[in-house]
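Written out below as structure tokens is the structure these notes cover.
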Amino acid sequence: MVMEYNPGIQLLRPRVDFDNQGYWDGIKQHKLIFQKCKYCGLLIHRPRPMCPRCNSMDMEWVPSMGKGTVYSWVNFVYANAAYPGIKVPYLVVVVEMLDGVRIVSNMYDVPPDEIYVGMPVEVVFDDIADDLTLPKFKRREV
Ligand SMILES: [Zn+2]
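Encoded structure:
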């Protein structure tokens, strides 16, 4: 089951700024990257100007393994409770990456009755529009 969008309704787009520009540039190139503190080595997501552990502002981008497990999820089934631009049902997930950070995303090919906490997943890139690519997750064989 792939997420479907309702035509004619504006897509939700990320607000790209100085701190997350590198992340979204990577996504556009189908590369999942995370921010890493160059001083203490902490991996950080979502991108931000300052390391939450050591307050360094010296950051770099490092590639993700692209794999993780479902940490939590919610199934949007009622259109009036979901974003109108997306056809229900659709899954919103929190994925715990093997890299050590968590990411909020959507499932790409999993029916809502098959998802479970701990499901192994890997990133896929959904080119929704010419100027919009989003990272999503599909079931991963282990
Ligand atoms: Zn740090």
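Residue 47 is where the sequence shown starts when you use this note's numbering, and the numbers rise one by one after that. Glycine is no exception: its CB is placed at the ideal position from the N, C-alpha and C atoms. Remember, predicted model here, so these are calculated numbers, not experimental data.
Option nearest residue i by Cα separation, candidates the options
i, options, result
"L57", "I132, L88, F171, V188", "I132"
"V167", "P158, K74, D176, K182", "K182"
"I161", "E142, N121, E187", "N121"
"L137", "V147, L144, S118, E106", "S118"
"F64", "L180, K77, M105, N52", "M105"
"H76", "H91, I55, I90, G112", "G112"
"D172", "V188, D159, S151", "S151"
"G146", "P157, V108, A128", "V108"
"E187", "G114, I174, V134, E50", "G114"
Exposed unless 16 or more other CB atoms sit within 10 angstroms - verdict on residue i
i, result
"S110", "buried"
"I79", "buried"
"S102", "exposed"
"V62", "exposed"
"V139", "buried"
Distance, residue j Cα to residue i Cα
i, j, result
"A125", "G87", "42 Å"
"P95", "V48", "34 Å"
"I73", "L180", "7 Å"
"D155", "V170", "10 Å"
"E142", "D176", "29 Å"
"M153", "K84", "32 Å"
CB contact flag (residue i, residue j, <8 Å)
i, j, result
"P93", "Y69", "yes"
"V116", "M165", "yes"
Closer than 7 Å: residue i CB and nearest ligand 2 heavy atom
i, result
"S102", "As for ligand 2, it is missing from this structure, which binds only ligand 1."
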